[in-house]
Ligand code: VGL
Ligand code: ZN
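Residue numbers (the UniProt record's numbering): 1 to 200.
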């Protein structure tokens, strides 16, 4: 593996695995693959969806709204989710079989009550930075391999922002699983391909 390559493991957390609050079908199945990939990478970053209770992306706080509907927030249209990845809960923890020992950075996102963050680079206003691009450039990490949950939300938004920022990006689809909300999987695969993301 090249010294300028980083493996970014997106949101492999209990709430995105079967039995979790926002379970992604087969989410747990990627864990052995991700663990193997971590063995062959020197630079490993984990992201963690990290919401305060009552987060604005939770349908429970919007009268008359159900999970998977959407709402207009100050930065645009936001899909509403079941309460998930609440700080302090079991669901926010990494999957217990995920080997986190090699992670050099754990990047938490979605901690501001009024704004969601799918991407590991920018929150959903596409302006507020998480600081990840600065970390990667300070460490001269220019090639990114992305895996995790969910393919069509946090993985795809991260991959698209990474391309916009000029990184070389590949997504290893066998180590990802999708939510597929209203065709979002196919749409985001097309968007990633069009943006020059290598889909492996
Ligand atoms: C995610 C929806 C809400 C993800 C996070 O990790 O893909 N999706 N929060
Ligand atoms: Zn979330």
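Even glycine gets a Cβ: it sits at the ideal position worked out from N, Cα and C. All of these numbers come straight from a predicted model, not from anything done at the bench.
Distances taken from the Cβ of residue 34 to the heavy atoms of the ligand VGL include none shorter than 8 Å.
Sixteen is the threshold: when 16 or more other Cβ atoms of the shown chains lie within 10 Å of the Cβ of residue 169, as they do, the residue is buried.
Residue environment analysis places residue 140 among the exposed positions, since fewer than 16 neighbouring C-beta atoms fall within 10 angstroms of its C-beta. Taking the Cα positions, residue 110 is about 6 Å away from residue 49.
Within its own chain, the residues whose Cβ lies closer than 7 Å to the Cβ of residue 157, once the five positions on either side in sequence are excluded, are 118, 119, listed in chain order.
Distance from the Cα of residue 121 is smallest, within the candidate group 8, 3, 186, for 8. Taken from the Cβ of residue 110, at least one heavy atom of the ligand ZN lies inside 8 Å. Annotation: residue 59 is outside any beta strand (DSSP E) and is labelled neither H nor E by DSSP. Here residue 88 carries a coil assignment [DSSP, helix/strand/coil]. The beta-carbon separation of residue 147 and residue 45, rounded to 11 Å, does not stay under the 8 Å limit for a contact. When DSSP reads this structure, residue 30 sits in no beta bridge, so it has no partner. Residue 130 carries a coil assignment under DSSP once its states are collapsed to helix, strand and coil. Membership of residue 7 in the beta strand (DSSP E) is indicated by the continuous run 5–10. In the DSSP assignment, residue 174 falls within the unbroken beta strand (DSSP E) covering 168–177. For the 9 Å CB-CB criterion, residue 162 and residue 144 form a contact. Only residues of its own chain outside the window of five on either side were considered, and among them 27, 28 have a CB closer than 7 Å to the CB of residue 18, listed in chain order.
Ranked by Cα distance from residue 14, the options 150, 91, 126 are led by 91. Under the 10 Å beta carbon count, residue 24 is surrounded by 16 or more other beta carbons and is classified as buried.
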